[in-house]
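Counted the way our numbering counts, the sequence shown spans residues 2 to 490.
Where is the CB? At the ideal position from N, CA and C, for every residue including glycine.
Predicted model only: the values in this text are computed from it and were never measured.
Working notes, beginning with the structure itself.
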Amino acid sequence: MEKDAPIVVVKEVGKSYGTVEALKEVSFVVERGEIFGLIGPDGAGKSTLFRILTTLLLADKGTATIGGLDVATEYKQIRTKVGYMPGRFSLYQDLSVEENLEFFATVFHTTVQENYDLIKDIYQQIEPFRKRRAGALSGGMKQKLALSCALIHKPDILFLDEPTTGVDPVSRKEFWQMLRNLREQGITIVVSTPIMDEARQCDRIAFINHGKIHGIDTPERILQQFASILCPPSLEREEVRHETAPVIEVEQLTKCFGNFTAVDHISFQVNRGEIFGFLGANGAGKTTAMRMLCGLSKPTSGIGKVAGYDIFREAEQVKKHIGYMSQKFSLYEDLKVWENIRLFAGIYGMKEQEIERKTEELLDRLELTAERDTLVKSLPVGWKQKLAFSVSIFHEPRIVFLDEPTGGVDPATRRQFWELIYQAADQGITIFVTTHYMDEAEYCNRISIMVDGQIKALDTPARLKQQFGAETMDDVFQQLARGAVRKAD
2 MEKDAPIVVV KEVGKSYGTV EALKEVSFVV ERGEIFGLIG PDGAGKSTLF RILTTLLLAD
62 KGTATIGGLD VATEYKQIRT KVGYMPGRFS LYQDLSVEEN LEFFATVFHT TVQENYDLIK
122 DIYQQIEPFR KRRAGALSGG MKQKLALSCA LIHKPDILFL DEPTTGVDPV SRKEFWQMLR
182 NLREQGITIV VSTPIMDEAR QCDRIAFINH GKIHGIDTPE RILQQFASIL CPPSLEREEV
242 RHETAPVIEV EQLTKCFGNF TAVDHISFQV NRGEIFGFLG ANGAGKTTAM RMLCGLSKPT
302 SGIGKVAGYD IFREAEQVKK HIGYMSQKFS LYEDLKVWEN IRLFAGIYGM KEQEIERKTE
362 ELLDRLELTA ERDTLVKSLP VGWKQKLAFS VSIFHEPRIV FLDEPTGGVD PATRRQFWEL
422 IYQAADQGIT IFVTTHYMDE AEYCNRISIM VDGQIKALDT PARLKQQFGA ETMDDVFQQL
482 ARGAVRKAD
């Protein structure tokens, strides 16, 4: 193949799953040495396309070549030339950092030593933790290890399917600097992302929706052309005032694991109907603090009250009076829509008649009546997300805890989700939310930012930006999080 010829050539590729057309006559080329972005809503066909190009899935029609090699017939040669990070981490959670790296090197008939120079700048950041299990790493460290594993056989091209989902803004910036460095070394990068700031760092982006490529151009032109989907306007809200009695009270709350202090004497209050953003880099202690507030982990010391109940002595009462939704697990995929609603309502102790009445009301409000008998795994991501949130407040809790609820979700769907949050807050439900999207931080009434187990800032977004001389919450976060000492969970 000619040196200047495109490294990826896709011609009229189509793929169907039953009656669903995932890809429809997709065509594009990727030039050698560029960072090429695939941008589009959830369910647009991005992951299907990645699997075809990395020879894990056969297209129904059309052709695709990588470095002049056909993905259907020359897949064995292609696999030696590509690196791939799928949407979910590709690591073996029970293997240590160095065991993962050695395993991937062995699969590709090479050694860590042979290509160490290629991964040196990345791997050195996690090398101090080489004996630690991959499952015990923070999101940012997992990401660096996964990238090292994808690079260890010195591929010509990297395919990265939403590689920074669930990763804090500081780690995301570091990751993209690594990608730029790899491009300078001659590696081509094809990446999908739901984060438009990342899309802007690509040389070109293709906008894919409903299985079709609708445009390929510079990021600036594509984001402008498809702004309604990719860059929806900010939400406006006329806040409903509630009584200011606190529903969460925390004083000197601390959690230690052996000699390690995960949460270090934090104190704050959250009022009824308030949207309270709980931010921090991976490993800052957010999840540990949230687990204590939800009655799932006992504090080492300090005082915590949630909905009037002591989190140490009355953990079971706390659980009954809160709602909870996480990014990783909220609904049972193999249960129908109505079965999920009924299951969680039963867990929260609701009466049979009330469950039946409110289920119909909820399905009608979400426009899911026609989908009541549909398995949750068959729903589009946006619908799943709305259902999961609605189920978490189905029993009308005083507080709902949302742990990165919009991770990996496209901008338009995230905006719709925040409309639901606003509606719940207007009804007097307190929202306690963690997020790695700094545009979402702007939607909160107040924000706390944790660094190394301590709350280093707590105020409204406007006052925090003023205090730190910053234009955006991302600037505030970067200033604080870069001062972190510890780098791991």
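{"Check": "Check this for me: beta carbons of Leu236 and Tyr423, under 8 Å apart or not?", "Outcome": "yes"}
{"Check": "Using 8 Å as the threshold, is the C-beta distance between Ile323 and Met293 below it?", "Outcome": "no"}
{"Check": "If you compare alpha carbons, which of Glu420, Val264, Gln225 and Lys378 is closest to Gln455?", "Outcome": "Val264"}
{"Check": "Looking at the strands, I want to know which residues DSSP matches up with Tyr325.", "Outcome": "Phe402"}
{"Check": "Measuring alpha carbon to alpha carbon, tell me which residue in Asp204, Lys466, Gly187 and Glu185 is nearest Ser193.", "Outcome": "Asp204"}
{"Check": "Between which two residues does the beta strand (DSSP E) containing Asn210 stretch?", "Outcome": "Arg205 to Asn210"}
{"Check": "Put Gly470 into one of helix, strand or coil per three-state DSSP.", "Outcome": "coil"}
{"Check": "Could you name the residues that DSSP lists as bridge partners for Ile448?", "Outcome": "Gly278 and Asp460"}
{"Check": "Taking the alpha carbon of Cys445 as the reference point, which residue from Lys457, Thr431 and Val9 has its own alpha carbon closest?", "Outcome": "Thr431"}
{"Check": "With a 10 Å radius around its C-beta and 16 neighbouring C-beta atoms as the bar for buried, classify Tyr1 as buried or exposed.", "Outcome": "Outside the displayed span of the chain (2 to 490) sits residue 1, for which this structure offers no information."}
{"Check": "Just list the beta strand (DSSP E) runs in the region 59-117, keeping only unbroken ones of 3 residues or longer that don't cross its boundaries, in chain order.", "Outcome": "62-67 and 83-86"}
{"Check": "So does the region 161-179 actually touch the region 408-424, counting three or more Cβ pairs closer than 8 Å?", "Outcome": "yes"}
{"Check": "Gly573: buried (16+ other C-beta within 10 angstroms of its C-beta) or exposed?", "Outcome": "Residue 573 lies beyond the residue range present for the chain, which begins at 2 and ends at 490; the question has no answer from this structure."}
{"Check": "Roughly how far, in whole angstroms, is the beta-carbon of Asp453 from the beta-carbon of Ala285, given that I think they are within contact range, below 8 Å?", "Outcome": "7 Å"}
{"Check": "Tell me where the alpha helix (DSSP H) around Lys385 begins and ends.", "Outcome": "Val382 to Ser393"}
{"Check": "What residue range does the alpha helix (DSSP H) around Asn341 cover?", "Outcome": "Val338 to Ile348"}
{"Check": "Check the C-beta distance from Ala413 over to Pro233 and give it rounded, since I have them as a contact under 8 Å.", "Outcome": "5 Å"}
{"Check": "What residue range is occupied by the uninterrupted beta strand (DSSP E) comprising Asp162?", "Outcome": "Ile158 to Asp162"}
{"Check": "Extract the residue ranges of the alpha helix (DSSP H) inside the region 270-317, only unbroken runs of 4 or more that lie entirely within it.", "Outcome": "287-294"}
{"Check": "Three or more beta-carbon pairs under 8 Å between the region 171-190 and the region 40-48, yes or no?", "Outcome": "no"}
{"Check": "Less than 6 Å between C-beta atoms, sequence neighbours within five positions excluded: which residues of the same chain meet that for Gln386?", "Outcome": "Phe418"}
{"Check": "Throw me the rounded Cβ distance for the Ala282 and Ser172 pair, which I believe falls under 8 Å.", "Outcome": "7 Å"}
{"Check": "So what does DSSP say about Ala489, is it helix, strand or coil?", "Outcome": "Here the model assigns Ala489 a pLDDT of 46, short of 50, so the residue's position is not dependable and the matter cannot be decided."}
{"Check": "Taking only the alpha-carbon atoms, compute the straight-line gap between Gln270 and Glu239 and give it to the nearest angstrom.", "Outcome": "23 Å"}
{"Check": "Decide if Glu441 is buried, meaning its Cβ has at least 16 other Cβ atoms within 10 Å, or exposed.", "Outcome": "buried"}
{"Check": "Let's test the definition: count the other Cβ atoms within 10 Å of the Cβ of Ala246 and tell me whether it reaches 16, buried, or not, exposed.", "Outcome": "exposed"}
{"Check": "If you draw a straight line from the alpha carbon of Ala147 to that of Ser139, how long is it in whole angstroms?", "Outcome": "12 Å"}
{"Check": "Quick check: the Cα distance between Ile190 and Lys359, rounded to an integer number of angstroms?", "Outcome": "49 Å"}
{"Check": "Around the Cβ of Glu405, are there at least 16 other Cβ atoms within 10 angstroms (buried) or fewer (exposed)?", "Outcome": "buried"}
{"Check": "Go to Phe37, then tell me how far its beta strand (DSSP E) extends in each direction, as first and last residue.", "Outcome": "Ile36 to Ile40"}
{"Check": "Looking at the secondary structure, which residues open and close the beta strand (DSSP E) in which Phe433 lies?", "Outcome": "Thr431 to Thr435"}
{"Check": "Buried or exposed, going by whether 16 or more other CB atoms sit within 10 Å of the CB of His110?", "Outcome": "exposed"}
{"Check": "Taking DSSP's pairing of strands, which residues face Gln258 in a bridge?", "Outcome": "The sequence given here has Phe at residue 258, not Gln. Phe261."}
{"Check": "Can you have a look at Gly484 and say buried or exposed, based on whether 16 or more other CB atoms are within 10 angstroms of its CB?", "Outcome": "exposed"}
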